[in-house]
Structure formats: structure tokens, C-alpha cells
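*Asks:*
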Amino acid sequence: MPAFYLRWRKESLVLYRVGFFAFPLLRKAAGIQHVLDAPPLPGVRGLVKDLYKVVWGSRLVAVLMAVMLNPLPLVPLVPQLLLQVYAVGIIRSNNTLCATPLLSAPLTAQRIHRFHSLLHVLSQALPGGVGHSMFPLLGQSERQREAECECFLSVLFFTVGLLLPMWLLVKTEPPSALRAWELRQGSPALATDLSALGRLAAGAEAALRQLCGRSWLAPPQPEESSEWLAAPPEAVAGPGPQWRARKRCLRLRVWERAFAWWLLLALVWAVSAAVHGNRRVQQ
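In C-alpha cells:
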């Protein structure tokens with residue numbers, strides 16, 4: 260492998276993904292989007308096939324595959340997140356999806372309305388009645404079907420194009436890369452060597468890793484026993500007591516992680532309903 264590529268591999272991969280998603284065809288009603296010209300199929304099997312067509316025809320599959328082709332640690336987690344936000348924003352700017360025969364059909368409109376009704380129930384856990392107040396905005400629009408379709412696509416793009424790839428990246432991270440990140444977090448110089456932006460990025464990565472959980476490929480750590488978690492940081496031998504104390508505070512149980520995902524998805528739906536509902540009401 261050329262030494263030049265090894266030296267600039269991360270930068271090359273980032274530039275390639277930025278250039279790929281800047282291609283104008285990804286924002287136009289052409290090419291692969293023609294799979295959405297077919298009418299929706301009835302039944303549960305038809306629902307699954309139609310959802311696959313939406314992921315394929317909207318180019319979400321390209322956003323998902325871009326992450327799989329550049330796993331950790333080829334591109335670090337925070338740059339991966341920023342690249343995914345950029346890619347999702349690019350393909351989401353295509354405003355012709357809801358006008359396609361598949362997404363504008365009455366059967367699809369009924370399915371999308373049921374989807375919003377379900378998310379409305381799930382969003383009741385949000386504080387201040389946020390979820391309860393967002394759902395009526397979609398029904399107040401003169402073009403309710405279009406508003407509900409746009410809101411559904413935004414939630415789908417955020418989930419499949421952003422959350423799912425980040426979860427897969429963390430869960431398939433090689434043990435060596437995970438160990439290197441933990442050693443960096445345990446370094447006493449972490450808080451002093453990084454700038455404010457660097458500390459913000461490190462905090463975002465730590466929160467994302469806690470939300471996703473430990474990699475499937477990583478072996479269980481013996482120091483994560485109940486005795487290790489119960490002992491005070493200064494009583495545990497080895498470097499990085501600050502990291503052990505922070506890890507103990509941030510460590511999520513299974514039900515805590517599930518509840519965090521529930522809140523995150525409910526918040527994504529509530530924000531999307533507010534944005535698209537208000538936009539259609541104003542029009």
C-alpha cells in the first residue's frame with residue numbers, strides 16, 4: 260500500500276464521502292428513485308417491501324453503506340457522525356419523495372398515520388407534554404397527508420441514516436480501537452490538552468458510546484466486576500482513576516439504555532412533527 264495513502268488515509272476517506280454525496284443526482288427525482296413509482300403492496304409482507312423500497316429509492320442505502328465501508332478506526336467516531344449528518348442533509352433536501360406514487364397512495368397514507376399515532380403514544384414520556392402538543396400540528400394542516408409524509412421521512416432518515424449507522428459502528432468496533440480510546444480517556448492530560456471544541460467532541464463521543472453500549476467484538480473486561488464498580492477510584496490499582504470514576508457514573512444498565520433510546524426517538528419525532536406541522540400550517 261502506498262505510503263502517501265497510509266499517511267493521508269483518513270483525510271482521503273473524508274474527502275471522498277463529502278464529494279460523493281455532493282453529486283447532484285442524489286437530490287433529484289431520477290435514477291434509483293424510480294423504484295418509488297410502483298403502487299404500495301398490501302399486507303405485512305408488502306409493508307416490509309415498501310419500506311425497503313423507500314430506503315432504497317431515497318438513497319438512504321447509500322448513507323448506510325458509506326459507514327459500513329469505512330468502519331472504526333479508519334475514520335474516528337465524531338467525524339463519522341458529522342459526515343452522516345452532512346449526507347442525511349443532502350439526500351433529505353430532495354423534496355419530491357412524498358409526491359411519488361408509492362408515498363402518495365392512500366394505503367401508504369394510512370400506514371404513515373398509524374405510525375404517527377404510535378409515536379404520539381411513545382412520546383408521552385417527554386416532559387411538559389411536548390409529545391401531546393406536537394401531534395395535533397400534523398392534523399391542522401390543509402395538506403395533512405403531505406405533512407405526515409414529510410415528518411415520517413425525517414424520522415426515517417434520522418433513524419436509518421444517523422442512529423443506526425452510529426450504533427453499528429460502535430457495536431462492531433475492533434477491540435484494539437476500543438482499548439486505544441479507553442486509554443485516551445484515562446489519560447490525566449485529557450482535560451488540559453484539548454481545546455473547548457475538543458472537549459465537546461470527546462464528551463459527545465463518550466455519550467454516544469454509552470448510548471450504544473460496548474462493542475460485540477470486545478472481550479469482557481475483568482475490572483468491570485461488581486467489586487471493581489463498587490470500589491472507590493483511589494482504591495483501584497492502575498492508571499486512570501478519573502476515567503474509572505467517570506465510567507462508573509456514566510455506565511448505563513440495560514433498562515436505562517432502552518429508556519434513553521425511547522426518549523431520543525420520541526424527541527426526534529416531536530421535533531419533526533413541530534417543524535413540518537408548523538411549516539404546512541403557515542403555508
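In terms of the working numbering, the sequence shown has 314 at position 55, counting the first letter as 1, and numbering is strictly consecutive.
Just so it is clear, CB atoms sit at the ideal spot from N, CA and C, and this is done for glycine as well.
#1: So, for residue 334: in the same chain, excluding its five sequence neighbours on each side, which residues have a beta-carbon less than 7 Å away from its beta-carbon?
#2: Assuming contact is defined by CB atoms lying nearer than 7 Å, are residue 299 and residue 377 in contact in what I supplied?
#3: Rounded to whole angstroms, what is the Cα-Cα separation between residue 521 and residue 381?
#4: If we ignore side chains and look at the alpha-carbon of each, how far apart do residue 384 and residue 286 end up?
#5: Do residue 429 and residue 471 have their C-beta atoms within less than 7 Å of each other?
#6: In whole angstroms, give me the CA-to-CA distance for residue 358 and residue 296.
#7: Spatial neighbours of residue 460 within its chain, please: C-beta separation below 7 Å, excluding the five flanking residues on both sides.
#8: Return the CA-CA distance between residue 416 and residue 315, expressed in angstroms with no decimal places.
#9: Heavy atom of the ligand MG less than 6 Å from the Cβ of residue 459, yes or no?
#10: Can you tell which of 361, 443, 511, 423 has its C-alpha closest to the C-alpha of residue 305?
#11: Roughly how many angstroms lie between the CA atoms of residue 507 and residue 264, to the nearest whole one?
#12: Would you list, in sequence order, the uninterrupted alpha helix (DSSP H) runs of no fewer than 4 residues that lie entirely inside the segment 422-448?
#13: Between the Cα of residue 476 and those of 292, 443, 438, spot the shortest distance and give me the residue it belongs to.
#14: Please classify residue 407 as buried or exposed, where buried requires at least 16 other C-beta atoms within 10 Å of its C-beta.
#15: Go ahead and pull the three-state DSSP assignment for residue 472.
#16: At what residues does the alpha helix (DSSP H) containing residue 302 begin and finish?
#17: Buried or exposed for residue 413, please, with buried defined as at least 16 other CB atoms from any protein chain shown within 10 angstroms of its CB.
#18: State the Cα-Cα distance for the pair residue 485 and residue 294, rounded to the nearest angstrom.
#19: Give a yes or no on whether the C-beta atoms belonging to residue 332 and residue 436 are separated by under 7 Å.
#20: Thinking just about the alpha-carbon of each residue, which of 261, 266, 535, 262 is nearest to the one in residue 402?
#21: Residue 287 by DSSP, collapsed to three states: which one?
#22: Pick from 427, 347, 527, 517: whose alpha carbon is nearest that of residue 281?
#23: Taking the C-alpha atoms as reference points, what is the distance between residue 302 and residue 308?
*Replies:* Taking the coordinates as given:
#1: Along the sequence shown, one-based indexing puts residue 334 at 75. So the qualifying residues of the chain are 269, 272, 273.
#2: Position 40 of the sequence shown holds residue 299. Position 118 of the sequence shown holds residue 377. No. Outside cutoff.
#3: In the sequence shown, counting from the first residue as 1, residue 521 sits at position 262. In the sequence shown, counting from the first residue as 1, residue 381 sits at position 122. Residue 521 and residue 381: Cα-Cα distance of roughly 8 Å.
#4: Taking the sequence shown and counting its residues from 1, one reaches residue 384 at position 125. Taking the sequence shown and counting its residues from 1, one reaches residue 286 at position 27. If you take the alpha carbons of residue 384 and residue 286, they lie about 35 Å apart.
#5: Walking along the sequence shown from the start, residue 429 turns up at place 170. Walking along the sequence shown from the start, residue 471 turns up at place 212. Cβ atoms of residue 429 and residue 471: closer than 7 Å.
#6: In the sequence shown, residue 358 corresponds to position 99, counting from 1. In the sequence shown, residue 296 corresponds to position 37, counting from 1. For residue 358 and residue 296, the distance between alpha carbons rounds to 10 Å.
#7: On the sequence shown, residue 460 is found 201 positions in, with the first residue counted as 1. The answer, listed in chain order, is 337.
#8: As a working mapping, residue 416 is identified with position 157 in the sequence shown. As a working mapping, residue 315 is identified with position 56 in the sequence shown. When rounded, the distance between both Cα atoms is 12 Å.
#9: Of the ligands one can find in the structure shown there are none, so the ligand MG has no counterpart to examine.
#10: Residue numbering aside, residue 305 sits at position 46 when the sequence shown is read from its first letter. It is 361 whose Cα lies nearest to the Cα of residue 305.
#11: Here the question's residue 507 lines up with position 248 in the sequence shown. Here the question's residue 264 lines up with position 5 in the sequence shown. With a pLDDT of 47 at residue 507, under the threshold of 50, the modelled position of that residue is not reliable, and the figure given next carries that caveat. Rounded to whole angstroms, residue 507 to residue 264 spans 39 Å at the Cα level.
#12: 423-430, 434-444
#13: Walking along the sequence shown from the start, residue 476 turns up at place 217. If we check each option's Cα against that of residue 476, 438 comes out closest.
#14: Here residue 407 refers to the residue found at position 148 of the sequence shown. Buried, because 16 or more other Cβ atoms sit within 10 Å of the Cβ of residue 407.
#15: Here residue 472 is taken as the residue at index 213 of the sequence shown, counted from 1. Three-state result, residue 472: coil.
#16: Against the sequence shown, residue 302 aligns to sequence position 43. Unbroken alpha helix (DSSP H) run through residue 302: 302-316.
#17: Taking the sequence shown and counting its residues from 1, the one referred to as residue 413 is at position 154. Counting Cβ neighbours within 10 Å, residue 413 comes out buried, since at least 16 surround it.
#18: As a first step, residue 485 is located in the sequence shown; it is residue number 226 there, counting from the start. As a first step, residue 294 is located in the sequence shown; it is residue number 35 there, counting from the start. Below a pLDDT of 50, predicted positions are generally treated as unreliable, and residue 485, at 49, falls in that range; no measurement from the model is reported.
#19: For the purposes of this step, residue 332 is identified with residue 73 of the sequence shown, where counting begins at 1. For the purposes of this step, residue 436 is identified with residue 177 of the sequence shown, where counting begins at 1. Yes, the Cβ-Cβ distance between residue 332 and residue 436 is below 7 Å.
#20: Indexing the sequence shown from 1 puts residue 402 at position 143. Comparing Cα positions, the closest option is 535.
#21: Within the sequence shown, numbered from 1, the residue matching residue 287 stands at position 28. If DSSP states are grouped into helix, strand and coil, residue 287 belongs with coil.
#22: On the sequence shown, residue 281 is found 22 positions in, with the first residue counted as 1. Residue 281 has its Cα closest to that of 347, out of 427, 347, 527, 517.
#23: Taking the sequence shown and counting its residues from 1, the one referred to as residue 302 is at position 43. Taking the sequence shown and counting its residues from 1, the one referred to as residue 308 is at position 49. Rounded to whole angstroms, residue 302 to residue 308 spans 10 Å at the Cα level.
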